[in-house]
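Numbering that gives the first Met the number 0 puts the first residue of the sequence shown at 0, with every later residue one more than the last.
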Amino acid sequence: MRIMIFFMAMMLTSLNGVSDESWVLALDEDQLQIYTKPVPGSPFLAVKGVVKINATPKQLAASLGSDNECAKWRKMCKSSRVIEQISEDERIVHTILDLPWPLSDRDVVNRVTVERCARTGRITVKAVSDPKLPPSKKYVRALSNTSIEILPVSDTATRLTLISHADMGGDLPPDRINERIPRGTLEDLRVLKSLVEGR
0 MRIMIFFMAM
10 MLTSLNGVSD
20 ESWVLALDED
30 QLQIYTKPVP
40 GSPFLAVKGV
50 VKINATPKQL
60 AASLGSDNEC
70 AKWRKMCKSS
80 RVIEQISEDE
90 RIVHTILDLP
100 WPLSDRDVVN
110 RVTVERCART
120 GRITVKAVSD
130 PKLPPSKKYV
140 RALSNTSIEI
150 LPVSDTATRL
160 TLISHADMGG
170 DLPPDRINER
180 IPRGTLEDLR
190 VLKSLVEGR
C-alpha cells in the first residue's frame, strides 16, 4: 500500500513518553478535533488531529496519496518521491515542503512503515526522519516524527488519528510556528475529509 504520510512540523522525538491526558484541545470545528501538547526538550508543540470520515479504511487509505507524488490534501507538499523501497511496507521517502515567502523551502527524508491488524482492521502508518541521511544542499533539512492511524468504527465510517511533532530547521521562531500548527492541521484534515466523502 503506497501511502504518503507527511505532516507539517517536525522533530525526531518520541511522543510515547507523554500521557494522553496531557493533550489540550486547541480547535473543535466541523467534527474535527485538534489537540496540542509540549514535548520535553523541544520548543515546538506536538499536534494531534482526530476526524471521523464516512468511508471504509480501504477507501480512506486510497485517498491519502502516493509516496511518489504529493497528496491533494497536503497544502505544504511541493514534491514527494520514494528514494528506496525496502519492502512492501517499508520505504525511504524524500519530500520537499513549500514554505511561504520569505521563508526558504525545506526538505525531509522519512522512513515510512505500514502496519496492519487483521483482527481490528486498523492501519497504522509511521513516518520518522532518519538523521543519518545527508541533507540536500538546496534546502534546509526538516525532521519529523509522524503517525497516522486508520480505524473502522462501523461498516461505513472510519476514525483517523494523526499525531505529529517536527522541527522545520533554520531559525524559525517557535511561538510563530506553534500558533499556526493547529489551524494548518485542521485545514489539511478538512480537505482530506471532503476529498474522501466526495464533497
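For glycine and all other residues, C-beta sits at the position ideal for the given N, C-alpha and C.
Quantities reported herein were computed from a predicted structural model and do not represent experimental measurements.
Next item on the list: Within the region 160-197, note down every full alpha helix (DSSP H) run reaching 4 residues or more, in order along the chain.
Entry: For the region 160-197, whole alpha helix (DSSP H) runs of length 4 or above, ordered along the chain, are 173-196.
Note to self: Helix, strand or coil for residue 151? Go by DSSP, reduced to three states.
What the structure shows: Residue 151 falls in the strand class under three-state DSSP.
Next item on the list: Could you tell me the distance, in whole angstroms, from the CA atom of residue 73 to the CA atom of residue 188?
Entry: So the alpha carbons of these two residues sit roughly 9 Å apart.
Notebook entry, point to check: What beta strand (DSSP E) runs, 3 residues minimum, are completely inside the region 58-109?
Noted result: Here the runs fully enclosed are 76-86, 89-96.
Item checked: Helix, strand or coil at residue 41 according to DSSP, with G and I counted as helix -> In this structure, residue 41 counts as coil in the three-state DSSP scheme.
Checklist line | Between the CA atoms of residue 175 and residue 62 - distance to the nearest angstrom | finding: Residue 175 has its alpha-carbon roughly 31 Å from the corresponding atom of residue 62.
Note to self: Closer than 8 Å is the cut-off here; do at least three beta carbon pairs connect the region 80-92 with the region 108-119?
What the structure shows: Yes, the region 80-92 is in contact with the region 108-119.
Notebook entry, point to check: What are the boundary residues of the beta strand (DSSP E) that residue 129 is part of?
Noted result: That residue, residue 129, is in no beta strand (DSSP E); it is neither H nor E in DSSP.
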